[in-house]
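A quick write-up on the structure given underneath.
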Amino acid sequence: MDVSGRLVTTVMAALILFLASLVVATQAFQCPMSCRCFTYNQAACNNTALSELPQEFDANLTHLIFNYNHLTLLRNSTFEKTPWISELYLEGNGIRHIEPDTFRHLQNLSTLSLLDNNISNIHPDTFMYNTKLKVLILKGNYLHLTNRTTFLNSNSLLELVLSSCYIDYLPNEAFRGLPNLLSLKLDFNKIHWWAAATEPLSGATPRILIRTSRVRIGDRMSQRRVEMRKRVSVELEEVEPHLRGGRVETHLGEKPPSVLPTEIRTSISPSSAVELNKTSALANYATEAGNFE
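For any residue, its number in this note's numbering is found by taking its place in the sequence shown, counting from 1, and adding 5.
Structure below.
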């Protein structure tokens, strides 16, 4: 066989191998019929009436938007086959219960939105194994904060959104288990008694948003708590009455604005902004994804 013949044979062999690899890749990348997949590791399944995650997802799935379906129960095995998810949106599913080890398999989880569900209680150790979790959105649920020691335990969490959750009381050490929290949103609740809930956060100088909540700290405040208040940036319509133990009642009759994942704040600090900015791209898409049919 001459040189030209060998060249043709080599080229043909390479082409066959290339086509074969495409076939294998296509077979491996299966997108559920009711979902839209943009790459093998990014998918959106919105308004599909699904009650559980489809089995066809690639094991390497990293970004999942699963909004406005009927996933009412999150089991310990729900994400067992998709351990690489880093950004997860489970909004408007009517979720009522979350088993304690639901997210244990998701070691890379950084952003989780459980907005507009029916969650009333979360085990404090639910996110203990999610050491990369930065943003947790629980807005629009029906949370009951009891007198237990902490609400959640997470050393990595930077932003927690508890807006419009019908919260009327904050236990003294509700946020003791969140030592690195930088942003806490409690707006549109019915908080009557603030107690000393934010004292554990004072060292981190968090951004705390409680506007449009009725807040009463109490008439007797320790000097330590007063000094802590000077370091914490609390956004209120009227600050002085709040610090004196008076009530702040502003815009209580207003309807809470619709929430968008883009409300994730990235102006907390230069170092933390780098972490949170990573979540903004999919958050923006999640807003638009709700229009998918």
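For glycine and all other residues, C-beta sits at the position ideal for the given N, C-alpha and C.
DSSP state of residue i mapped onto helix, strand, coil
i              : result
isoleucine 103 : strand
lysine 144     : coil
threonine 136  : coil
glutamine 60   : coil
serine 47      : A quick correction: the sequence has glutamine, not serine, at residue 47. It is a strand residue.
arginine 270   : Residue placement at arginine 270 is flagged as unreliable, the pLDDT there being 39, under the threshold of 50; a coordinate-derived value is accordingly withheld.
tyrosine 171   : coil
isoleucine 124 : coil
glutamate 164  : strand
serine 188     : strand
leucine 119    : coil
isoleucine 213 : strand
arginine 41    : strand
glutamate 232  : Per-residue confidence for glutamate 232 stands at a pLDDT of 40, beneath the threshold of 50, marking its modelled position as unreliable; the derived number appears in the next sentence. Three-state result, glutamate 232: helix.
Given residue i as reference, the closest of the options once Cα atoms are compared
i                : options                        : result
lysine 139       : His197, Leu186, Arg181         : Leu186
tyrosine 174     : Glu164, Pro59, Pro184, Leu191  : Leu191
lysine 137       : Leu120, Thr131, Thr151, Leu111 : Leu111
glutamine 35     : Asp63, Asn52, Leu157           : Asp63
isoleucine 213   : Tyr73, Leu165, Met38           : Leu165
threonine 151    : Ala179, Thr131, Thr77          : Ala179
phenylalanine 43 : His68, Thr77, Met133, Leu162   : His68
asparagine 113   : Ser161, Leu79, Asp130, Thr77   : Ser161
histidine 197    : Ser188, Leu189, Ile215         : Ile215
Check whether residue i and residue j have beta carbons under 8 angstroms apart
i              : j              : result
alanine 75     : asparagine 98  : Rather than alanine, the amino acid found at residue 75 in this sequence is histidine. Yes, these two residues count as a Cβ contact at 8 angstroms.
isoleucine 142 : serine 115     : no
tyrosine 364   : lysine 144     : Outside the shown range of the chain (6 to 298) lies residue 364, about which nothing can therefore be said.
isoleucine 100 : asparagine 135 : no
leucine 120    : serine 159     : no
glutamate 57   : asparagine 72  : no
Same chain only: Cβ atoms within 6 angstroms of residue i, ignoring 5 sequence neighbours per side
i                : result
serine 125       : Tyr147, His149
proline 37       : Pro59, Glu61
methionine 133   : Asn158
phenylalanine 84 : His110, Leu111
leucine 78       : His102
threonine 87     : Phe62, Leu66
valine 244       : No answer about valine 244 holds up, because its pLDDT of 31 lies below 50 and its placement is not dependable.
Same chain only: Cβ atoms within 8 angstroms of residue i, ignoring 5 sequence neighbours per side
i             : result
asparagine 81 : Glu104, Pro105, Asp106, Thr107, Arg109
threonine 53  : Ser39, Cys40, Asn74
leucine 55    : Ser39, Phe71, Asn74, His75, Leu76
Close beta carbons around residue i, own chain, < 7 angstroms, minus the five adjacent residues each side
i             : result
asparagine 65 : Tyr45, Asn46, Trp89
aspartate 130 : Pro105, Asn158
Can you give, in chain order, each stretch of the beta strand (DSSP E) that sits fully within the region 69 to 117 and has at least 3 residues?
Runs found: 92 to 94.
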